[in-house]
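The numbers in this note's numbering rise by one with no breaks, and the one at position 62 of the sequence shown is 87. Where is the CB? At the ideal position from N, CA and C, for every residue including glycine. These notes are about the structure you will find just below.
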Amino acid sequence: MNQKRTKKLLFLPFPVISILFLFALTFPQAKKIEHKNGWTVVHNDQRRVKSKSLPLTLEFVRKIGDIEAPDENTAFYLPSDVAVDKEGNIYILDTGNHRLQKFNPQGEFLITIGRQGQGPGEFYFPSSVSLDPQGNIYVADPYNKRIEVLSPEGKEIKTIRLQEEGGEKIRCRTDGQLVLSKGNRMIISTEGEKTLPPLLQVLESDGNLVTRFVTPFDFKDLLATRLGNQLDFVVAKDNHVLITFYYQNRIEKYSPQGKIIWQADRRLNYELGPQGKGVLDRKGGSVRVMLPKMNPCSSGIAVDGQGRVWVATLQRQLKKDEKVGMMVGMSMDNGQRSMSMRVRGNTELRKTDAYILEIFSPEGHYLGALPTEIFIDGLFIYGDRLFLLDKMRGCSVYEYKIVSKATS
């Protein structure tokens, strides 16, 4: 009897091992991690993550602004950025109207800051707004080659002059330094330029350069390289910088000193491109530009209080009737430049299922996704509030509350 029992105990583990091996083959890991000289690359496969495991949901709070609003204070045109101060007041940068609108925590209008112009406290298509720890307001005014620094009431404190146009987006760090992007607009430079400089820079509060970081990807074509390296970034409360690229499957985290910590990607249902090469034709004083076709994969990034990384991702490409584009006109008169910005396409369409909010751990591991039903041109998180920006269609800001679901 003892000998037979021993044989059974010896043979039982084999089928168990086989079952576990088959389980591993059938259900591969949700991520693959590579280690590269002190930083990691995370390849995420969201198909292997249970959607119901995400302990978060969003509760709609309000919509602020609309292109057709009867109140001129909420009739936005091309709103481009959102900031929130320690009291919960909301600042919405109304780029197309050259102003910054301030609202109380209940979404009620308070004051208008700025107007069109080049003087103190004036803007010309401002592109970004950020608040420093003291509540002072930093407005990126790239076409005037400067950053305007204002008090919470909108009074001018100082102007930071920039050496060149750029500074599309600005974010204040807790140590008083600034992080600035080089700009997302297509700026045609010298004919001999073949490469891009680092994409982000850190400045002292007086505008002096501290460092540059984020290496652009070389698409072996000047216009594809410029288009393909457009990005959005956010500065976390510990001054780490998180980046998502609009046309690359590439999410990255950097230290406050500009050293890369990790890079992450995820499975996409489409190819990004580029398809073909761009055309840059200079004749006399005119320039004709035709960009290569590239499919976007993301449109914004934010970090919540737990260090989780939120990315607005396209789960599919937009259909023909969903697409809009920006037309920029520029003219010179007696040495003065004037510009216009106009949206082309079906701006009446306000709903879509193309965008989702993907959420990653502080280490870049995919956690899950939340569906949305609007076009997303920007994503911002302050405390437990999440803001989604519809810049070119409804010209609205949608506010949500981030709610943690109870786990059993």
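Here DSSP, grouped into helix, strand and coil, assigns residue 423 to strand. Under a 10 Å Cβ-count criterion, residue 273 is classified as buried, with 16 or more other Cβ atoms of the shown protein chains found around its own Cβ.
Using a C-beta cut-off of 8 Å, the segment 298–307 makes no contact with the segment 332–348, since fewer than three inter-stretch Cβ pairs fall below that distance.
Annotation: residue 79 is outside any beta strand (DSSP E) and is labelled neither H nor E by DSSP. For residue 379 and residue 399, the gap between their C-alpha atoms comes out near 8 Å. No Cβ-Cβ contact shorter than 8 Å links residue 377 with residue 417. Annotation: residue 228 is outside any alpha helix (DSSP H); the continuous beta strand (DSSP E) that includes it extends over 225–228. In the three-state scheme derived from DSSP, where H, G and I count as helix and E and B as strand, residue 288 is classed as strand.
Contact between residue 152 and residue 167 holds: their C-beta atoms lie close to 6 Å from each other, under 8 Å. Excluding residues up to 5 positions away in sequence, 125 and 179 lie with their Cβ nearer than 6 Å to the Cβ of residue 138 in the same chain. DSSP places residue 338 inside the beta strand (DSSP E), whose first and last residues are 334–339.
Pairwise C-beta distances place the segment 390–397 in contact with the segment 70–84, as three or more of them are shorter than 8 Å. Following the DSSP letters along the chain, one finds residue 249 inside the alpha helix (DSSP H) bounded by residues 247–253. According to the DSSP secondary-structure assignment, residue 350 is paired through a beta bridge with 369.
Ranked by Cα distance from residue 315, the first of 252, 330 and 358 is 252. CA-to-CA, the gap between residue 323 and residue 356 works out to about 32 Å. Sequence-distant partners of residue 286 (beyond 5 residues in either direction) whose C-beta falls short of 7 Å from its own C-beta, in its chain, are 64, 278, 279 and 280. Under the three-state reduction of DSSP, residue 69 is assigned to strand. A direct Cα-Cα distance of roughly 21 Å separates residue 100 from residue 405.
Between residue 98 and residue 140, the alpha-carbon positions lie close to 13 Å from each other. Counting only residues of its own chain and dropping the five nearest sequence neighbours on each side, residue 231 has a CB closer than 8 Å to the CB of 185. Check the Cα spacing between residue 133 and each of 198, 333, 194 and 96: the tightest is with 96.
When the beta-carbon positions are compared, residue 262 and residue 199 come within less than 8 Å of each other. Non-local C-beta neighbours of residue 135 in its own chain, meaning closer than 8 Å and more than five positions away in sequence, comprise 114, 127, 128 and 129, ordered along the chain.
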